[in-house]
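In the working numbering, the protein residues as written are 5 to 177. Step one of this worksheet: look at the structure below.
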Amino acid sequence: MKVKQFRYSKDNLGYLVYGSKTAIAIDPGAVKEMISHAEQKQVEIKYVTNTHSHHDHTSGNNLLLEKTQAQFLDCNTIRNKTSVKLDDEDLLVFHTPGHTMDSLCFKADNILITGDTLFNGTIGNCFSGDLLSFFNSLKLLLGFSDETIVYGGHDYVEESMVYAKLIDKQNPE
5 MKVKQFRYSK
15 DNLGYLVYGS
25 KTAIAIDPGA
35 VKEMISHAEQ
45 KQVEIKYVTN
55 THSHHDHTSG
65 NNLLLEKTQA
75 QFLDCNTIRN
85 KTSVKLDDED
95 LLVFHTPGHT
105 MDSLCFKADN
115 ILITGDTLFN
125 GTIGNCFSGD
135 LLSFFNSLKL
145 LLGFSDETIV
155 YGGHDYVEES
165 MVYAKLIDKQ
175 NPE
């Protein structure tokens, strides 16, 4: 499977994960761009879903569903599934409560789409208030291979590294 990242809004990131014929749009805020990329790659957007139900991640759902006739996979429903089939491959679904109770992560090969659970350089806020669930979700994600590429729901890399430098002044990176 392949993944294409799309920036929308100030710092939100959405994703199109696709095989040779079909795709799933995750947090589809960049509707026009996702449709254009799918057309360019000659894949059908078969599913639309979200990493969690916050508005900044769901804002493009209705328009993309209207324009593609894709099937909506609600994050509260698919969290009980283990995978979504794209062509002959499985996109694994992991329920990762903590940021919100309906938070999900998606994994294919060495790709991990984490929404607001895990970012490059930091973790998300625990809006759910359930710190134990959040801790267990992070432990699950830490169990993946070191070669796993994390695709978060926002681009907070610069802010995260500024903060890291503040707390670890000896780190030259």
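The beta-carbon is built from N, C-alpha and C at its ideal position, and this holds for glycine as well.
CB-CB length for residue i against residue j, believed under 8 Å
i, j, result
"Tyr51", "Gln75", "5 Å"
"Ser102", "Leu17", "The question names Ser, yet the displayed sequence has Gly at residue 102. In fact, because the Cβ distance is near 19 Å, the residues do not count as touching under 8 Å."
"Leu90", "Val21", "7 Å"
"Met5", "Ile82", "Going by Cβ atoms, the distance from Met5 to Ile82 rounds to 17 Å, so no, they are not a contact pair."
"Thr100", "Leu144", "7 Å"
"Asn80", "Asp106", "5 Å"
"Ile117", "Thr26", "Actually they are not in contact, since the Cβ atoms of Ile117 and Thr26 sit about 17 Å apart, beyond 8 Å."
"Gly119", "Asp15", "At roughly 13 Å, the Cβ-Cβ gap does not stay under 8 Å, so Gly119 and Asp15 are not in contact."
"Glu48", "Phe10", "Actually they are not in contact, since the Cβ atoms of Glu48 and Phe10 sit about 17 Å apart, beyond 8 Å."
"Val88", "Ile153", "Incorrect: roughly 19 Å between the Cβ atoms, too far for contact."
"Ala4", "Leu122", "This structure cannot speak to residue 4, because the chain is shown only from 5 to 177."
Cross-strand partners of residue i (DSSP beta bridge)
i, result
"Glu70", "Answer is none; Glu70 lacks a bridge partner."
"Cys109", "Phe98"
"Lys89", "Asp94"
"Phe10", "Gly18"
"Gln75", "Tyr51"
"Gly156", "Gly119"
Burial state of residue i (16 or more Cβ within 10 Å)
i, result
"Thr53", "buried"
"Thr86", "exposed"
"Ser141", "buried"
"Leu135", "exposed"
"Gly64", "buried"
"Leu146", "exposed"
"Gly33", "buried"
"Tyr133", "Contrary to the premise, residue 133 reads as Gly rather than Tyr in this sequence. When all chains shown are included, Gly133 counts as exposed."
"Phe98", "buried"
"Phe139", "exposed"
Worksheet item: What residue ranges within the region 15 to 55 form continuous beta strand (DSSP E) runs of no fewer than 3 residues, ordered along the chain?
Response: Counting only runs of 3 or more, we get 16 to 22, 26 to 30 and 48 to 53.
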